[in-house]
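Peer 1:
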Amino acid sequence: MNAPARQDGAAPGGPFQVRIEPHGWCFEAGSRQSLFEAARQAGIRLPTLCRNGTCRTCIALLREGRVRYRVEWPGVSADEREQGYILPCVAVAESALIIELPEARRWDDPY
Ligand code: FES
């Protein structure tokens, strides 16, 4: 018997919890949305500019978990990847995540 189709179109295994440090803010990220999109839905603003993985404005340190990319060549070097840097504008959660991103803000925060 096949598993029932999910209404949100997410692949099995998602959504995953994402925690933004040092703030401690948490949100859920589906397997078809970027971390930026999932954070925005939860009222959390991540720094972005291009939103296509080239400008690096959103670069963040992944402390725990695993992501994949929507684009073939995200703008992080092999060394940066090894150190844990990710680009949340084009990264999709593949597990629960802890991300270090002090520049994150609440959308209702005027600063
Ligand atoms: S916003 Fe430009 S790389 Fe993420």
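Just so it is clear: in the sequence shown, position 97 is 97 by full-length UniProt numbering, and no numbers are missing.
Glycine included, C-beta positions come from ideal geometry on N, C-alpha and C.
Values in this document were obtained by computation on a predicted structure and should not be read as measured data.
Which runs of the beta strand (DSSP E) fall wholly inside the segment 37-79 and span at least 3 residues, in chain order?
Peer 2: 60-64 and 67-69, all fully within the segment 37-79.
Peer 1: Given that a residue counts as buried once 16 or more other Cβ atoms are within 10 Å of its Cβ, and exposed if not, what is Gln83?
Peer 2: exposed
Peer 1: Determine the contact status of Gly75 and Gly43, defining contact as a CB-CB distance below 8 Å.
Peer 2: Result no, Cβ atoms of Gly75 and Gly43 do not sit closer than 8 Å.
Peer 1: Which one of Leu35, Val90 and Gly24 has the shortest CA to CA distance from Phe16?
Peer 2: Leu35
Peer 1: Check each candidate in Glu72, Gly24, Pro22 and Ala78 and name the one with the smallest Cα separation from Ala91.
Peer 2: Glu72
Peer 1: Once the 5 residues before and after Ser95 are set aside, which same chain residues still bring their CB inside 7 Å of it?
Peer 2: Exclusion of the five residues before and after Ser95 leaves Phe16, Gly65 and Arg66 as the residues of its chain whose Cβ lies within less than 7 Å of its Cβ.
Peer 1: Cα separation between Arg32 and Arg68?
Peer 2: 11 Å
Peer 1: Could you check how far apart the C-beta atoms of Ile99 and Val18 are, in whole angstroms? I think they sit under 8 Å.
Peer 2: 7 Å
Peer 1: May I ask you to check if the CB of Arg56 is nearer than 7 Å to at least one heavy atom of the ligand FES?
Peer 2: Yes; taking the cut-off as 7 Å, the Cβ of Arg56 has a heavy atom of the ligand FES nearer than that.
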